[in-house]
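Only one structure is covered here, and it is reproduced in the block below.
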Amino acid sequence: MKYPKHAHDVDQVVLVGFGNIGQAVVPLLRRHFPGCRIVAIDQFADEVRQARSRELGVDLIHCRINKANYQTALSPYLQPGVFLLNLAPAVSSSELLLFAQSVGAFYLDTGIEPWAYTLTGDSIAATSNHALREQILELALQRTWKITALVAHGANPGFVSILVKRALLVLAQALEPGKHATPRTREQWADLADALDVRVIQISECDTQHARVPRNEGEFVNTWSVEGFVTECLQPVELGWGSHERRIPAQACQLSGKPSAAIQLEQRGHEIAVQTWTPMRGSMTACILTHNESLSIADYFTTRKSTRPTVYYAYRPCEDAIASLDMLDLPHAECDWHERVLKEELVEGIDELGVFVMSGRGRSVWLGSALSIDQARELAAHNNATSLQVVSSIIAGMQWMLDHPDEGIVESERLDHEATYERARPYWEPIQCVITSWQPEGSAGALTFDEFLLPGLTLAGSHARKTVPQS
3 MKYPKHAHDV
13 DQVVLVGFGN
23 IGQAVVPLLR
33 RHFPGCRIVA
43 IDQFADEVRQ
53 ARSRELGVDL
63 IHCRINKANY
73 QTALSPYLQP
83 GVFLLNLAPA
93 VSSSELLLFA
103 QSVGAFYLDT
113 GIEPWAYTLT
123 GDSIAATSNH
133 ALREQILELA
143 LQRTWKITAL
153 VAHGANPGFV
163 SILVKRALLV
173 LAQALEPGKH
183 ATPRTREQWA
193 DLADALDVRV
203 IQISECDTQH
213 ARVPRNEGEF
223 VNTWSVEGFV
233 TECLQPVELG
243 WGSHERRIPA
253 QACQLSGKPS
263 AAIQLEQRGH
273 EIAVQTWTPM
283 RGSMTACILT
293 HNESLSIADY
303 FTTRKSTRPT
313 VYYAYRPCED
323 AIASLDMLDL
333 PHAECDWHER
343 VLKEELVEGI
353 DELGVFVMSG
363 RGRSVWLGSA
373 LSIDQARELA
383 AHNNATSLQV
393 VSSIIAGMQW
403 MLDHPDEGIV
413 ESERLDHEAT
423 YERARPYWEP
433 IQCVITSWQP
443 EGSAGALTFD
453 EFLLPGLTLA
463 GSHARKTVPQ
473 S
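First residue of the sequence shown? That's 3 in the numbering used here, and the numbers climb one at a time after it.
So this is what it looks like as structure tokens:
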């Protein structure tokens, strides 16, 4: 397969974080931006990272980036036109973004991060996805920004926002053939979703990758980042709240700002279960993880009449990750687990990741990837299916930034959905686009949140639920 280089040169890329995603993005950086220098700054400099940096030709700097040292640590490597990719958990997006702007460097992250998360107590709201996004939106309004900074752009959040637009066009053709032109503005996209009676947008994912090395007792594993996954599991669930919903769930609170109907549930991510569907798995149980796209997509598709869909991330991780979830409820003294990200030891499986756009008219579109571990390895070294979906989205985002270098602070919804899709598509194939009449078991057809909710059930206790493919 031929991979097009970009017309613009990139002389240097600085990675904050050289873990799973940091290592996985380097082969694609080499392919699409040949000749660029890559500097990685990481708090760990273990044998694996050192060997990988030598193999990939990366200058590895051993340093924990924090609030006290970030400017001193980054200054030697940032100049105008350099890319700063923030790929580390708990490294402030707003602070690094501001510093990149001050020196004329491009900035991209895969999720909006604080310096540290507060997961208990009265100040827990300060590091919610809603609060962190509001902080970035406020920054975007404070001054006239110059060089482009793209926030929350990986697979999800990020590329899924591109998929939502494509899925809407498929749904429009299925429901009202030939009636709707492709929207060109935010308002037109929102009006199209409203005209099609889109009530629910699930970011829907089922990861079936598994390893030849079984999970040991006391080991917490997954396929992208244990620290990131644990943080998302322990955060209260946030979602964009649709205008068709009858009532806010008990103990939930409405959040101010954008979208005006965003809500936060009492439950944390691993404590709640919902029904979702994918083309290969069929009906399945998933947890809801707090994610930026639940808010940004709901915000983007809010019409001038304040109609909007309910939006959330329904995630079923790999079975070893599900088996690890019980450890989240252990007493604090017993939470000293060993972390392992599954990559080289994976033997088979697929990460089925897409968007499930559901209309009140009884038709829905699932659009996304069915990338296998074998295919991922053929496409790029040092990747599994999960990481390749993320890093290919990063590359597509960087290419859009080079084409639009003076856009200031932007979210993924602002990107050219056609060009960005084509840039990432070779790494996401096979692409599945399925029109289905599936609805959650017991549904009355209103597609309200309570129809998807599985009260009293958690993902860890969901193994016995039957899965039934339906189209």
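Ideal Cβ placement from N, Cα and C applies to all residues, glycine included. These numbers were taken from a predicted model, which means no experiment stands behind them.
Buried/exposed call for Pro-36, threshold 16 Cβ in 10 Å: exposed
Whole-angstrom distance between Gly-123 and Arg-427, CA atom to CA atom: 42 Å
Distance, Ala-192 Cα to Ile-411 Cα: 21 Å
Boundaries (first-last residue) of the beta strand (DSSP E) holding Trp-279: 276-280
Cα-Cα separation between Glu-189 and Asn-218, rounded to whole angstroms: 51 Å
Nearest-angstrom Cα separation, counted from Gly-160 out to Gly-356: 12 Å
Proximity to Ser-361 [Cα-Cα], best of Thr-74, Met-329, Asp-376, Arg-310: Arg-310
Asn-68 versus Trp-147 - alpha carbon distance: 24 Å
Sequence ranges, alpha helix (DSSP H) only - wholly within the region 357-394, length at least 4: 375-381
Contact under 8 Å by Cβ, Val-41 with Val-16: yes
Those residues which DSSP pairs with Phe-108 across a bridge: Phe-85
Nearest candidate by alpha-carbon position, reference Glu-380, set Val-359, Asp-405, Glu-431: Glu-431
Rounded straight-line distance, which links the Cα of Gln-401 to that of Ala-53: 29 Å
Spatial neighbours of Ala-75 in its chain, beta-carbon cut-off 7 Å, leaving aside the 5 residues before and after: Ile-43, Cys-65, Ile-67
Contiguous alpha helix (DSSP H) assignments of at least 4 residues, all confined to the region 266-351: 294-302, 321-326
Given 8 Å, three or more beta-carbon pairs between the region 369-379 and the region 395-409: no
Strand pairing of Asp-408, partner residues [DSSP]: BP columns for Asp-408 are empty, so no partner.
Residue of Arg-283, Tyr-119, Arg-145 minimising C-alpha distance to Asp-353: Arg-283
First through last residue of the beta strand (DSSP E) which encompasses Thr-438: 433-438
Beta-carbon gap between Ala-474 and Gln-266 smaller than 8 Å: Outside the shown range of the chain (3 to 473) lies residue 474, about which nothing can therefore be said.
As assigned by DSSP and simplified to three states, the class of Asp-13: coil
Helix, strand or coil at Gln-204 [DSSP, three-state]: strand
Cutoff 8 Å: Phe-35 Cβ touching any chain B Cβ: Included in the structure is just one protein chain, with no chain B present.
Whole-number beta carbon distance between Ser-296 and Arg-314, since they are thought to touch under 8 Å: A quick correction: the sequence has Tyr, not Arg, at residue 314. Going by Cβ atoms, the distance from Tyr-314 to Ser-296 rounds to 5 Å, so yes, they are a contact pair.
Residues that Cys-255 bridges to, as DSSP identifies them: Gln-266
C-beta contact flag for Gly-271 and Glu-234 at 8 Å: yes
DSSP bridge partner residues for Gly-458 (one or two, in chain order): In DSSP, Gly-458 forms no bridge with anything.
Beta-carbon proximity of Leu-173 to Ile-324, cut-off 8 Å: no
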